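The structure under discussion appears below in the form of structure tokens.
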């Protein structure tokens, strides 16, 4: 016959490997997420569903780094709260299994966020299998995304293409080819041809509205001021 102490150990073990979601026994006070500059007194057993490192960018939030700050998603089965790790808790990391149980006591609330440290949070252990599978899947996808970004950042082809373009633009032979394409008498240079389309306003040599300047040296203003008619001479051979 199994003693009472053994049954308590079995029930405690089942509680560690089970999920608190849907539990009817809520232990957190109601309206806890609206508390600000208040202390929640008492001892509570909560479950951590998610741990991320908010001191790092998105691609590294599931990695432990020096000077970390962990954000915790905790639940008592009914109420969910967010928590922040102010001081490092050694037994807690981003690699902690999803569904791990913790013992918290006398913690402060700031704008609905609980503040924890080694003095008021103790890791008990346990996990939840379905939550852990989701966590492992999310970590695998994040690792793939991180490697893909790393490959793009380390791709030497982009640097080679940009260097080749700069090299071609500075070659004298390339400049001679561009100057040969420009119409005779044009003021378009190789530098103008190699500018971006926005700088050239979308114009292309050979398709612009370029026109040769008039041969005379008169300015456009003098040309406009020229009279459009001539005075007729008075005929003197008319007989009266």
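Residue numbers (the working numbering): 1 to 240.
Where a beta carbon is used, it is the ideal one built from N, C-alpha and C, also for glycine.
Predicted model only: the values in this text are computed from it and were never measured.
Candidates 50, 96, 149: which alpha carbon is nearest residue 125's?
96
Just reading off the beta strand (DSSP E) that residue 48 is part of, what are its end residues?
38-53
Rounded to a whole number of angstroms, what is the C-alpha to C-alpha distance between residue 27 and residue 119?
Rounded to whole angstroms, residue 27 to residue 119 spans 20 angstroms at the Cα level.
Under a Cβ-count criterion, where at least 16 other Cβ atoms within 10 Å of its own Cβ denotes burial, should residue 98 be classed as buried or exposed?
buried
Same chain only: Cβ atoms within 8 angstroms of residue 250, ignoring 5 sequence neighbours per side:
In the structure as shown, the chain starts at 1 and stops at 240, and residue 250 therefore has no counterpart that could be examined.
Which partner residues does residue 143 have in the DSSP bridge list?
According to DSSP, which records beta bridges pairwise, residue 143 is partnered with nothing at all.
Using a beta-carbon distance below 8 angstroms, is residue 34 in contact with chain C?
The structure shown has no chain C; it contains just one protein chain.
Assigned secondary structure, residue 98 (DSSP; H/G/I helix, E/B strand, else coil):
Residue 98 carries a coil assignment under DSSP once its states are collapsed to helix, strand and coil.
Buried or exposed by the 16-neighbour rule on C-beta atoms within 10 Å, applied to residue 101
buried
Got a sec, what are the start and stop residues for the beta strand (DSSP E) residue 79 sits in?
Neither: residue 79 is in no beta strand (DSSP E) and is coded neither H nor E.
Considering just the uninterrupted stretch of the beta strand (DSSP E) at residue 124, what are its terminal residues?
121-125
Just to confirm, is the Cβ distance from residue 46 to residue 70 under 8 angstroms?
no
Got a sec? Which residues, its chain only, sit under 6 angstroms from residue 35 by beta carbon, not counting five neighbours each side?
These residues qualify, in order along the chain: 109.
Looking only at its own chain, which residues have a Cβ that is under 6 angstroms from the Cβ of residue 38, when we skip the five neighbours before and after it?
Within its own chain, the residues whose Cβ lies closer than 6 angstroms to the Cβ of residue 38, once the five positions on either side in sequence are excluded, are 109, listed in chain order.
At what residues does the beta strand (DSSP E) containing residue 92 begin and finish?
That residue, residue 92, is in no beta strand (DSSP E); it is neither H nor E in DSSP.
Are the CB atoms of residue 94 and residue 51 nearer to each other than 8 angstroms?
yes
Euclidean distance between Cα positions of residue 32 and residue 54:
One C-alpha to the other measures close to 22 angstroms.
Go ahead and label residue 149 buried or exposed: buried means 16 or more other beta carbons lie within 10 angstroms of its beta carbon, across all protein chains shown.
exposed
Compare the C-alpha of residue 249 against each of 57, 132, 68 and name the closest.
The requested residue 249 does not occur in the structure, where the chain is confined to residues 1 to 240.
In whole angstroms, what separates the C-alpha of residue 121 from that of residue 113?
Rounded to the nearest angstrom, the two C-alpha atoms are 15 angstroms apart.
Residue 68 - DSSP class collapsed to helix/strand/coil
Coil.
Classify residue 65: buried if its beta carbon has 16 or more other beta carbons within 10 angstroms, exposed otherwise.
exposed
7 angstroms Cβ shell around residue 67 - same chain, five flanking residues per side excluded
55
Taking the C-alpha atoms as reference points, what is the distance between residue 40 and residue 136?
33 angstroms
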